[in-house]
Amino acid sequence: MLNVAVLISGAGSNLRAFLEAAAEADYPAHVVAVGADRDAAGLAHADDFGIPSFSVPYTSYPTRAAWGEELAVQLRAWDPDLIVLSGLMRLLPDNVVAEFAPRIINTHPAYLPEFPGAHGVRDALASGATRTGASVIQVDGGVDTGPILAQERVEIEPGDTESTLHDRIKPVERRLLIDVVRRIAAGDLAFS
Ligand code: GRF
């Protein structure tokens, strides 16, 4: 059974979908803790599933490195086999990547390497592209530059807004994440 810690920043709709999958008896991973870089609404999903949660508010620390030190303390306490970034809108500090990589994966609402960064949906829409996608990658020291573990194209429809497009992407992200973690738990995905 793979012990997974999930980090979020927002509503956590992708987290909730993962929690629902992990609650299935035959799913080979379970969530040991949910963390956030702020008082994220999505932490309530952890409560709903009786899963411990923690918040390390980025704005409470003088530097990114100091924030990273506390985040590492919190993560270390749960001894996760895998850390999933599911809507964490913060770049992980070097100390966290150094300590936990390659056991960190991230979901991104674009077809990487297209449209990396915090506004992948908006950027895809603004580019005039007719399709974008969803990706699950391994986190390295860059911005959405790690090895791609899974990705799938998502069509951009005429009249799409950032919200309607994101709502079409998220279910794909969720499905890819659930499958990637299942493959990691089965040992099918060797981390480089
Ligand atoms: C997801 O699309 C994630 O990939 C991106 O932000 C969104 C988070 O949505 N970084 P939610 O908080 O899971 O609803």
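Counted the way my numbering counts, the sequence shown spans residues 37 to 228.
We put the CB at the ideal spot given by N, CA and C, even for glycine.
Note that the structure is a prediction, hence the values are computed from the model and not measured.
What residue does the beta strand (DSSP E) around Thr168 start on, and which one ends it?
-> Arg167 to Gln174
Spatial distance of Gly169 from Val132 (CA atoms) = 27 angstroms
Quick one: residues in its chain with C-beta nearer than 6 angstroms to the C-beta of Ala53, no 5 flanking neighbours on either side, listed in chain order?
-> Arg210
Would you report the Cα separation of Ser96 and Trp103, rounded to the nearest angstrom?
-> 8 angstroms
For Ile44 and Ala72, believed in contact at Cβ under 8 angstroms, the rounded distance = 5 angstroms
Would Ala76 be called buried (16 or more neighbouring beta carbons within 10 Å of its own) or exposed?
-> buried
Sub-8 angstroms separation of Ile119 and Ile87 beta-carbons = no
Separation of Thr181 from Gly223, as counted between CA atoms | 23 angstroms
Return the bridge partner residues of Asn142 from the DSSP annotation.
-> Leu121 and Ile173
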